[in-house]
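Just remember that my numbering sits 12 ahead of the position in the sequence shown, which is counted from 1.
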Amino acid sequence: MKFLSNSLKVTFLLLSVLFLNGCSSDDGDATTGNIEGVWQLGRIYGNATYSGMNSTMDGDSEGTMEFKSDGTYDSNIISGYLEVTIPSLNYSETTVIEPVTESGTYSYNSSTDDLIIDGETSKVVTLNANFMKIKTLINDSGVVGVLYSEYSR
13 MKFLSNSLKV TFLLLSVLFL NGCSSDDGDA TTGNIEGVWQ LGRIYGNATY SGMNSTMDGD
73 SEGTMEFKSD GTYDSNIISG YLEVTIPSLN YSETTVIEPV TESGTYSYNS STDDLIIDGE
133 TSKVVTLNAN FMKIKTLIND SGVVGVLYSE YSR
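Written out as C-alpha coordinates, the structure is:
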(Lines of atoms letter the chains of each structure in order from A and count residues from 1; the text may use other names and numbers.)
(Lines give C-alpha, C1' and ligand atoms only; values in the text may rest on other atoms or scores of the structure.)
Protein backbone atom coordinates (compact mmCIF):
# COMPACT_ATOMS: atom_id res chain seq x y z
CA MET A 1 0.00 0.00 0.00
CA LYS A 2 2.94 2.34 0.61
CA PHE A 3 3.85 1.96 -3.07
CA LEU A 4 0.38 3.11 -4.13
CA SER A 5 0.68 6.28 -2.07
CA ASN A 6 4.11 6.91 -3.60
CA SER A 7 2.76 6.37 -7.12
CA LEU A 8 -0.03 8.85 -6.43
CA LYS A 9 2.62 11.33 -5.30
CA VAL A 10 4.44 10.82 -8.59
CA THR A 11 1.23 11.21 -10.62
CA PHE A 12 0.23 14.44 -8.92
CA LEU A 13 3.76 15.81 -9.19
CA LEU A 14 3.78 15.07 -12.91
CA LEU A 15 0.40 16.73 -13.40
CA SER A 16 1.65 19.86 -11.63
CA VAL A 17 4.60 19.93 -14.03
CA LEU A 18 2.17 20.19 -16.96
CA PHE A 19 1.53 23.78 -15.95
CA LEU A 20 5.22 24.67 -15.57
CA ASN A 21 6.64 23.34 -18.85
CA GLY A 22 10.34 23.47 -17.93
CA CYS A 23 12.14 22.20 -21.04
CA SER A 24 15.22 21.25 -23.01
CA SER A 25 15.98 21.41 -26.74
CA ASP A 26 16.16 18.39 -29.08
CA ASP A 27 18.49 18.18 -32.11
CA GLY A 28 16.78 18.46 -35.48
CA ASP A 29 13.61 20.24 -34.36
CA ALA A 30 12.92 23.75 -35.65
CA THR A 31 11.60 26.78 -33.80
CA THR A 32 10.67 29.14 -36.61
CA GLY A 33 7.11 30.15 -35.72
CA ASN A 34 5.49 32.79 -33.55
CA ILE A 35 4.38 31.65 -30.10
CA GLU A 36 1.66 34.32 -29.85
CA GLY A 37 -1.89 33.16 -30.42
CA VAL A 38 -4.25 30.41 -29.35
CA TRP A 39 -2.93 26.83 -29.13
CA GLN A 40 -5.02 23.68 -28.75
CA LEU A 41 -3.75 21.31 -26.06
CA GLY A 42 -2.96 17.77 -27.15
CA ARG A 43 -0.85 14.73 -26.38
CA ILE A 44 1.24 14.39 -23.20
CA TYR A 45 3.94 11.71 -22.89
CA GLY A 46 7.30 10.97 -21.32
CA ASN A 47 9.18 8.93 -18.75
CA ALA A 48 10.47 9.31 -15.19
CA THR A 49 12.33 7.50 -12.44
CA TYR A 50 11.19 7.49 -8.82
CA SER A 51 12.91 5.47 -6.06
CA GLY A 52 14.80 3.51 -8.72
CA MET A 53 11.64 2.55 -10.62
CA ASN A 54 11.25 3.56 -14.27
CA SER A 55 7.84 4.73 -15.42
CA THR A 56 6.27 5.85 -18.68
CA MET A 57 3.52 8.42 -19.10
CA ASP A 58 1.02 8.81 -21.88
CA GLY A 59 -2.08 10.95 -22.02
CA ASP A 60 -4.13 13.57 -23.75
CA SER A 61 -5.58 16.95 -22.85
CA GLU A 62 -8.27 19.17 -24.29
CA GLY A 63 -8.40 22.93 -23.98
CA THR A 64 -6.47 26.02 -25.05
CA MET A 65 -3.38 28.02 -24.17
CA GLU A 66 -3.27 31.60 -25.44
CA PHE A 67 -0.01 33.56 -25.47
CA LYS A 68 -0.85 37.28 -25.83
CA SER A 69 1.36 40.03 -27.28
CA ASP A 70 1.39 41.88 -23.92
CA GLY A 71 3.32 39.04 -22.20
CA THR A 72 0.32 37.43 -20.51
CA TYR A 73 -1.28 34.05 -21.10
CA ASP A 74 -4.62 32.35 -20.47
CA SER A 75 -4.86 28.58 -20.06
CA ASN A 76 -8.17 26.74 -20.15
CA ILE A 77 -7.94 22.99 -19.59
CA ILE A 78 -11.29 21.35 -20.29
CA SER A 79 -10.34 17.72 -19.68
CA GLY A 80 -7.60 15.17 -19.99
CA TYR A 81 -5.88 12.15 -18.54
CA LEU A 82 -2.38 10.88 -17.82
CA GLU A 83 -1.60 7.17 -17.57
CA VAL A 84 1.50 6.31 -15.56
CA THR A 85 2.89 2.79 -16.10
CA ILE A 86 5.64 1.10 -14.09
CA PRO A 87 6.60 -1.97 -16.17
CA SER A 88 8.81 -3.62 -13.51
CA LEU A 89 5.78 -3.82 -11.20
CA ASN A 90 3.23 -4.54 -13.91
CA TYR A 91 1.42 -1.47 -12.57
CA SER A 92 -0.61 1.21 -14.35
CA GLU A 93 -2.65 4.12 -13.03
CA THR A 94 -4.73 6.66 -14.94
CA THR A 95 -5.27 10.10 -13.44
CA VAL A 96 -7.98 12.42 -14.75
CA ILE A 97 -6.86 16.00 -15.37
CA GLU A 98 -9.56 18.20 -13.91
CA PRO A 99 -10.79 21.37 -15.66
CA VAL A 100 -8.85 24.47 -14.67
CA THR A 101 -8.48 28.03 -15.93
CA GLU A 102 -5.28 29.97 -15.21
CA SER A 103 -3.72 33.27 -16.25
CA GLY A 104 -0.25 34.67 -15.74
CA THR A 105 2.81 36.10 -17.41
CA TYR A 106 5.29 34.67 -19.90
CA SER A 107 8.25 35.71 -21.99
CA TYR A 108 9.71 33.93 -25.02
CA ASN A 109 13.20 34.47 -26.46
CA SER A 110 13.16 33.16 -30.04
CA SER A 111 16.98 33.27 -30.24
CA THR A 112 17.48 30.82 -27.34
CA ASP A 113 14.01 29.21 -27.35
CA ASP A 114 13.73 30.04 -23.65
CA LEU A 115 10.13 30.25 -22.51
CA ILE A 116 9.45 31.59 -19.02
CA ILE A 117 5.94 30.93 -17.69
CA ASP A 118 5.18 32.45 -14.28
CA GLY A 119 8.88 32.46 -13.42
CA GLU A 120 9.60 28.86 -14.54
CA THR A 121 12.15 28.64 -17.37
CA SER A 122 11.42 26.30 -20.26
CA LYS A 123 12.67 25.52 -23.76
CA VAL A 124 10.47 25.19 -26.79
CA VAL A 125 11.54 22.09 -28.75
CA THR A 126 9.42 22.60 -31.89
CA LEU A 127 7.54 25.71 -32.98
CA ASN A 128 6.09 26.40 -36.41
CA ALA A 129 2.87 27.91 -37.74
CA ASN A 130 0.74 24.88 -36.76
CA PHE A 131 2.58 22.86 -34.09
CA MET A 132 4.47 23.40 -30.83
CA LYS A 133 6.17 20.83 -28.57
CA ILE A 134 7.51 21.57 -25.11
CA LYS A 135 9.85 19.23 -23.24
CA THR A 136 9.44 19.46 -19.47
CA LEU A 137 12.39 18.40 -17.36
CA ILE A 138 11.23 16.88 -14.07
CA ASN A 139 13.53 17.02 -11.05
CA ASP A 140 11.50 17.40 -7.88
CA SER A 141 10.82 15.35 -4.73
CA GLY A 142 12.91 12.41 -5.97
CA VAL A 143 11.22 12.28 -9.39
CA VAL A 144 13.56 12.73 -12.37
CA GLY A 145 12.40 12.53 -15.97
CA VAL A 146 10.94 14.26 -18.97
CA LEU A 147 7.39 15.08 -20.06
CA TYR A 148 6.45 16.30 -23.54
CA SER A 149 3.40 18.50 -24.15
CA GLU A 150 2.14 19.01 -27.71
CA TYR A 151 -0.01 21.88 -29.01
CA SER A 152 -1.57 22.65 -32.39
CA ARG A 153 -3.43 25.52 -34.06
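Think of the CB as a built atom: it goes at the ideal place given N, C-alpha and C, for glycine as much as any other residue.
- Message: Please report the distance separating the alpha-carbon of MET144 from that of THR44.
- Response: The count along the sequence shown starts at 1 and reaches residue 144 at position 132. The count along the sequence shown starts at 1 and reaches residue 44 at position 32. Between MET144 and THR44, the C-alpha separation is close to 10 Å.
- When the distance is taken between beta carbons, is GLU74 closer than 9 Å to SER91? Mapped onto the sequence shown, residue 91 falls at position 79. Mapped onto the sequence shown, residue 74 falls at position 62. Yes, these two residues count as a Cβ contact at 9 Å.
- Message: Going by C-alpha to C-alpha distance, which of TYR120, ASP70, GLY131 and TYR118 sits closest to SER161?
- Response: As a first step, residue 161 is located in the sequence shown; it is residue number 149 there, counting from the start. Of the candidates TYR120, ASP70, GLY131 and TYR118, the one whose C-alpha sits nearest the C-alpha of SER161 is ASP70.
- Message: When you compare the CB positions of VAL156 and THR61, do they come within less than 9 Å of one another, or not?
- Response: Along the sequence shown, one-based indexing puts residue 156 at 144. Along the sequence shown, one-based indexing puts residue 61 at 49. Cβ atoms of VAL156 and THR61: closer than 9 Å.
- Query: Measuring CA to CA, which of SER87, LYS80 and ILE109 is closest to ASN46?
  - Reply: The sequence position of residue 46 within the sequence shown is 34, counting from 1. For ASN46, the nearest C-alpha among the options comes from LYS80.
- Query: Counting only runs that start and end within the region 108-150, where is the beta strand (DSSP E) found for 3 or more residues in a row?
  - Reply: 112-121, 126-129 and 132-139
- Task: Drop a sphere of 10 angstroms on the beta-carbon of GLY83, count the other beta-carbons inside from all chains shown, and report buried for 16 or more, exposed for fewer.
- Result: Taking the sequence shown and counting its residues from 1, the one referred to as residue 83 is at position 71. Flag for GLY83 reads exposed.
- Item | Between the CA atoms of TYR85 and GLU78 - distance to the nearest angstrom | Residue mapping note: residue 78 aligns to position 66 of the sequence shown, counting from 1. Residue mapping note: residue 85 aligns to position 73 of the sequence shown, counting from 1. Their Cα atoms are separated by approximately 5 Å.
- Span of the beta strand (DSSP E), counted from its first residue to its last, around ARG55: Residue mapping note: residue 55 aligns to position 43 of the sequence shown, counting from 1. Its beta strand (DSSP E) spans residues 49-62.
- Task: Please look up how many angstroms separate the CB atoms of MET65 and LEU101, rounded, as I've assumed it's under 8 Å.
- Result: Position 53 of the sequence shown, counted from the start, is the residue given in the question as residue 65. Position 89 of the sequence shown, counted from the start, is the residue given in the question as residue 101. Rounded, the Cβ-Cβ distance is 7 Å, consistent with contact.
- Query: Near SER104, what residues of its chain come up, given a Cβ to Cβ distance below 8 Å and the 5 sequence neighbours on each side ignored?
  - Reply: In the sequence shown, counting from the first residue as 1, residue 104 sits at position 92. Cβ within range, chain order: GLU95, VAL96, THR97 and ILE98.
- Taking buried to mean at least 16 other C-beta atoms within 10 Å of its own C-beta, is THR148 buried or exposed? On the sequence shown, position 136 is the one that residue 148 refers to. When all chains shown are included, THR148 counts as buried.
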